[in-house]
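K.L.:
Submitted below is the structure of interest, expressed as structure tokens.
Numbering (this note's numbering), first residue to last: 124 to 372.
In structure tokens:
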């Protein structure tokens, strides 16, 4: 473990430690495991996407669970209801805290996914609304006759009606979502940048503090931490900034 990661074990960060999922967007398990080790035991929440899952398989997730890590499995399932339900049953035995599916898969798909989870599971099932890489013109190209904001709200309402625990959405839609849905409906927010100049391939981004002030439940931060000269220090700065937020959703 790098010495600079030791500060992340400080108990002062207990209030914010579980608010940020660090994205492990690596091509293989070796690179991802090396990064996790470098961040030390103080960092417990990570997001694993399709690239890493396909490269290493479920056993890699199980290894992370044995290390006490909380995993958001970012698989964005989108298929016919029976297929998605089968995939959820296969994934539910893994030590994961969140699994997501595409809300645009429709009501029957989302309801089938919800029913496929064990009755007493602690896994949260959330729906992906509009990707943060999409602008209104992209949504129009898909044939949706709504703004990206209105489309996100429509999908979020559908997720809620189908019994999902929350959604993945841009921070820019948080206010609208919570005007129509209860505060205990989870919002997991990607597209987080440490400053507004870091756009990359996402067009609807926000800083950590602004996202939490808007009502976010959890943040997902990837490149802004992984690509920093000192990733542990970058995450510490995020946590420090979140400590200035008086209350969390």
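All C-beta atoms in this analysis are idealised placements derived from N, C-alpha and C, irrespective of residue type, glycine included.
Which first and last residues belong to the alpha helix (DSSP H) in which residue 175 is found?
P.N.:
Residue 175 -> alpha helix (DSSP H) spans 173-179.
K.L.:
To the nearest angstrom, report how far apart residue 159 and residue 295 are at their CA atoms.
P.N.:
Using only the alpha carbons, I get a separation of about 30 Å.
K.L.:
So if DSSP puts residue 170 in a beta bridge, which residue, or which two residues, is it bridged to?
P.N.:
Bridge partners of residue 170: 146 and 195.
K.L.:
Compare the Cα-Cα distances from residue 186 to each of 218, 275, 167 and 198 and report the closest residue.
P.N.:
Among 218, 275, 167 and 198, the Cα nearest to that of residue 186 is on 218.
K.L.:
Whose CA, out of 220, 230, 238 and 232, lies closest to the CA of residue 245?
P.N.:
Comparing Cα positions, the closest option is 220.
K.L.:
According to DSSP, what are the bridge partners of residue 247?
P.N.:
Answer is 221, bridged to residue 247.
K.L.:
Please report the distance separating the alpha-carbon of residue 268 from that of residue 157.
P.N.:
Approximately 45 Å, taken between the alpha carbons.
K.L.:
Residue 310 and residue 338: beta carbons closer than 8 Å?
P.N.:
For residue 310 and residue 338, yes; Cβs fall inside 8 Å.
K.L.:
Helix, strand or coil, according to DSSP, for residue 342 in the structure here?
P.N.:
Correct three-state label for residue 342: strand.
K.L.:
Given 8 Å as the limit, is there contact between the stretch 173-181 and the stretch 347-366, that is, 3 or more CB pairs closer than that?
P.N.:
Because the criterion of three Cβ pairs below 8 Å is not met, the stretch 173-181 and the stretch 347-366 do not touch.
K.L.:
Taking the C-alpha atoms as reference points, what is the distance between residue 153 and residue 302?
P.N.:
C-alpha separation (whole angstroms): 43 Å.
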